[in-house]
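Report on the structure given below.
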Amino acid sequence: MEVHKEVILLCLVLFTGFPRCHSQNTDVLGAYIKTDGAWIVKLPKNQYTVKTEEDCAVKCNKETSFTCRSFLYLEKDQDCVTLPANSKTDQILRRMSAALYEKKEYLLECVNGIGTDYRGTRSMTKSGKTCQQWEEKFPHVPNITPKTHPKADLEFNFCRNPEGDKGGPWCYTTDQEKRWEHCDIQDCTEECMQCSGENYRGKISTTASGFTCQRWDSQKPHNHDFIPSVLPDKFLEENYCRNPDGASKPWCFTTSPSKRWESCSIPQCTTEPPTIAPELTCATGEGSSYRGTIAVTVSGKTCQEWSSQSPHKHSKTPENYPCKGLDKNYCRNPDKERSPWCHTTDPETRWEYCSVPSCGDQRRPGEPVIPVGEECYEGDGRSYRGNMSETVSGKKCQFWTSMVPHTHSKTPQKFPAADLRRNLCRNPDGDRAPWCYTTDPTVRWEYCNIERCDSKQAGAQEPPTNSIEPAASPSISQETDCKVGNGATYRGPTSTTIMGVTCQAWSSMTPHQHSSFNPETHPDKGLESNQCRNPDNDVNGPWCYTTDLFKKWDYCQIPDCDGLKCGKPAIKPKRCFGRIVGGCISQAHSWPWQISLRTRGKIHFCGGTLIDAQWVLTAAHCLERSESPSAYKILLGIHTERATELSKQERDVSKIIKGPPGTDIALLKLDRPALINDKVLPACLPEKDYIVPSDTECYVTGWGETEETGGEGFLKETGFPVIENKVCNGPSYLNGLVKDHQMCAGNIDGGTDSCEGDSGGPLVCYSQNTFILQGVTSWGLGCAKAMKPGVYTRVSKFINWIERSMREN
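Written out as structure tokens, the structure reads:
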């Protein structure tokens, strides 16, 4: 069950504000950073048996055999391993059940005061000379050594201040002419930024004009999708200025209703910025490290020099974007676009992407993005080529070509046969199931939210009914042998592990001693016998201590309780990133909430979404031809525009309810409820005021215009990312036309979009195995044009209106 993977952890810079939520000894853990799923192999090390992670921290703090920089804790095994290493000094392995706790003081890369407690990894002096190892005697014989100052942490060649020099940390140098020199290390209290401030973690919370910043976790007065819980790697704390989107400097939304956002005035640091490994012939990931000399766009246009304002005026100058390599007119990616680009010398074309070869398999414009793949995996999942990019706990996967927030060795170059494209779940190294690194800095990796194909076929399936079960977890009876979610509520009879081993009774201490989980410590967790349970809310599901002397605990194979629920089609969609304009024909009945809005003559002209057995959501502008409900027909359960399927259901409209003035949303009440089955099923509604995070992959479906690219007459689908309104309203895109109750989605380079005839249809986003209706197709400037993404009515802003209208009508 515990598979080790070799990785190299990203060197962390500055850690602040990681609260702990323990009822006791919270102070002792406050000095540590926790990372789940990480395991360091290092000698020497000491191992202890303790009851809690707090006890393990005490062991680390009192360690005398070596300087303890971190410890590992395995809760189920109650094992504590103290280590002299951390993620900055040693390689680590992936391990499912382990948690790595690192002392903050050894990760901090700035100095407090004169830096006597500095324990960072800076090893270069102010003039750029490399430091000599403290224990070496060449080229300089030192007076200060690890033996003379054993508590000063004089290991390796890191800058230190063992005797309290007023000038701060220093070191002996490797230059024979210069015995020693001070090091240039940033002050922890200094409010400054390096480069464009992507890693700024200071506490300035006012803009350049003096506006107070809005809290990142607030949606008032301005709605936005920079949500701290969704973007943990962006450190969106309190209302501090940050740069989560590759702008020229940190910024924030303001508390003034008249000023949506503004940049903050933060000075540049005097210390040297971190260096990157330049890529000269190809681009990895989004190409932010590309420093080659290609200066021609995909259509053959010559690039404009970055320092020039002709023919196009712009803000992407070397002064505004230091550290981005904006030399001459070479293709670069200073602002987190999808790949390197440039402004062009063609006055009619402001900018285009460049044809920079990929070092891995990251998509270049015009290439197909995601193949159609299965939504379950065979065996251990090494052959899985589906589209899942979400872990079992709902975390977003990190791109395989990215080293942020986790540095790793599982790249497309090193695993060319593993299909490590985008951030899709894969199994490159023969683990027991597909997995990915997560975008959460505190969780390195997790298994993905994908079922095994054989377990799906053998799982407990409830027969389809004509009613929709609520999305919330139902209560499971004592006899039901299936689980909901991660199985925290499972009380079924299974008492054997995934390998068929009988479970040890929770109250027994034979053959394995334990004290963390038993009927006394967790009286409400169903630990009365030896059945599989999940008392610690393990994301991978129920488990138990085993009767195998050599295996302390293991997971149990409990099927999911699948029923007919909103947003969960019986026929899995392709989820292809093709295009409606350009043609990607859907799997028949894989989007069972899609309806066709028609004239009395049954001519299709708009789409819509079934949200209840008797209610459809569509766009108000689709109803301009008549105010009379009798003018419209609704067809459900069809795949072809001809609507010849036996599964077709036809309904009249009994009532039209348009949304508030100035909005493009409307409800249609059917003359009688639709028959809910595997071909006709509602989509789920989002939480009130929920804002879909930027770059979330969402899907649009419809029978709309294909502009003679083929596939006419069949339901088509396309997938593309959500674009934050701040970006979408930029002068190069939709120039302030998008309102707060609307949202943007599409590919900035065009080629993928909804079009005429798709209006009123659904924009659904996939989360936790469910499709949520987040948008209603509203308008756009043309179809699939570059820099003109589609605009959708944001459904979450109308939840109260929807519920009230359905209740009162």
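Here the sequence shown stands for residues -23 to -1, 1 to 786, where the numbers follow mature numbering (1 follows the signal peptide of the UniProt record, and there is no 0).
From the three backbone atoms N, C-alpha and C, an ideal C-beta is built for every residue, glycine too.
Check: Can you check the segment 275 to 361 for any beta strand (DSSP E) of at least 3 residues that lies completely inside it and give the ranges in chain order?; Outcome: 318 to 320, 328 to 330
Check: Which two residues bound the contiguous beta strand (DSSP E) that contains glycine 58?; Outcome: Residue 58 is actually valine in this sequence, not glycine. Segment 56 to 60, the beta strand (DSSP E) holding valine 58.
Check: Counting C-beta neighbours from all protein chains within 10 Å, is the total for proline 21 16 or more, i.e. buried, or is it exposed?; Outcome: exposed
Check: Does the Cβ of proline 500 have 16 or more other Cβ atoms within 10 Å, making it buried, or fewer, making it exposed?; Outcome: exposed
Check: With burial defined as no fewer than 16 other Cβ atoms inside 10 Å of the residue's Cβ, what is the status of proline 519: buried or exposed?; Outcome: buried
Check: Quick one: what does DSSP say histidine 598 is sitting in, helix, strand or coil?; Outcome: helix
Check: Could you have a look at serine 755 and say whether DSSP puts it in helix, strand or coil?; Outcome: strand
Check: Let me know the secondary structure DSSP gives tyrosine 217 once reduced to three states.; Outcome: coil
Check: If I follow the unbroken alpha helix (DSSP H) through alanine 643, where does it start and stop?; Outcome: That residue, alanine 643, is in no alpha helix (DSSP H); its beta strand (DSSP E) goes 643 to 647.
Check: If we count the other Cβ atoms within 10 Å of its Cβ and call it buried at 16 or more, is arginine 784 buried or exposed?; Outcome: exposed
Check: Hey, lysine 313 and glycine 179: beta-carbon distance below 8 Å or not?; Outcome: no
Check: According to DSSP, is leucine 658 helix, strand or coil?; Outcome: coil
Check: Grouping DSSP H, G and I as helix and E and B as strand, with all else coil, what is glutamate 132?; Outcome: coil
Check: Sorted by chain position, which residues of the same chain lie with C-beta nearer than 6 Å to aspartate 323's C-beta, five sequence neighbours on each side aside?; Outcome: Lys278
Check: With 16 as the cutoff for other CB atoms within 10 Å, does threonine 595 come out buried or exposed?; Outcome: buried
Check: Report back the beta-carbon spacing between glycine 141 and threonine 93 to the nearest angstrom; my notes put them in contact at under 8 Å.; Outcome: 5 Å
Check: Helix, strand or coil for tryptophan 680? Go by DSSP, reduced to three states.; Outcome: coil
Check: Just to confirm my understanding: we take glutamate 344, look at its own chain, exclude 5 residues before and 5 after, and list those with CB closer than 7 Å. What are they?; Outcome: Residue placement at glutamate 344 is poorly supported in this model, since its pLDDT is 39, which falls under 50; the coordinates are not used for a value here.
Check: In whole angstroms, what separates the C-alpha of lysine 502 from that of alanine 75?; Outcome: 23 Å
Check: Please list the terminal residues of the continuous alpha helix (DSSP H) segment that includes aspartate 32.; Outcome: 30 to 38
Check: Going by beta-carbon coordinates alone, are serine 240 and threonine 184 separated by less than 8 Å?; Outcome: yes
Check: Using the beta-carbon count (16 or more within 10 Å), is lysine 774 buried or exposed?; Outcome: buried
Check: Could you have a look at tryptophan 111 and say whether DSSP puts it in helix, strand or coil?; Outcome: coil
Check: Quick check on this structure: which residue in Tyr95, Gly145, Glu618, Trp157 has the alpha carbon closest to the alpha carbon of glutamine 110?; Outcome: Trp157
Check: Thinking just about the alpha-carbon of each residue, which of Pro123, Tyr9, Leu70 is nearest to the one in tyrosine 78?; Outcome: Tyr9
Check: When you compare each of Ala597, Lys579, Lys693, Leu613 to alanine 590 by their alpha carbons, which one comes out closest?; Outcome: Leu613
Check: Give me, in chain order, the residues of the same chain whose beta-carbon lies closer than 8 Å to that of serine 506; leave out the 5 immediate sequence neighbours on both sides.; Outcome: Ser472, Ala482, Trp483
Check: How would you label phenylalanine 133, buried or exposed, when you count the other beta carbons within 10 angstroms and need 16 or more for buried?; Outcome: exposed
Check: Classify isoleucine 588 as buried or exposed, calling it buried when 16 or more other Cβ atoms lie within 10 Å of its own Cβ.; Outcome: buried
Check: Using beta carbons (cut-off 8 Å, strictly below), is serine 266 in contact with chain B?; Outcome: You won't find chain B in this structure, because it holds only one protein chain.
Check: Taking C-beta to C-beta, are proline 389 and tryptophan 377 nearer than 8 Å?; Outcome: yes
Check: Asparagine 702 lies in the alpha helix (DSSP H); which residues open and close that run?; Outcome: 702 to 705
Check: Please return the same chain residues whose Cβ sits closer than 8 Å to the Cβ of glutamine 564, not counting the five positions on each side in sequence.; Outcome: Ile548, Lys549, Pro550, Lys551
Check: Could you compute how far the alpha carbon of residue 873 sits from the alpha carbon of leucine 213?; Outcome: Because the chain is modelled from -23 through 786, residue 873 falls outside the range shown and cannot be assessed.
Check: Which of helix, strand or coil does DSSP assign to leucine 6?; Outcome: helix
Check: Relative to the ligand SAH, is the shortest distance from any of its heavy atoms to the C-beta of alanine 260 smaller than 7 Å?; Outcome: Summarising the ligand content, the structure contains no ligands, and the ligand SAH is consequently not present.
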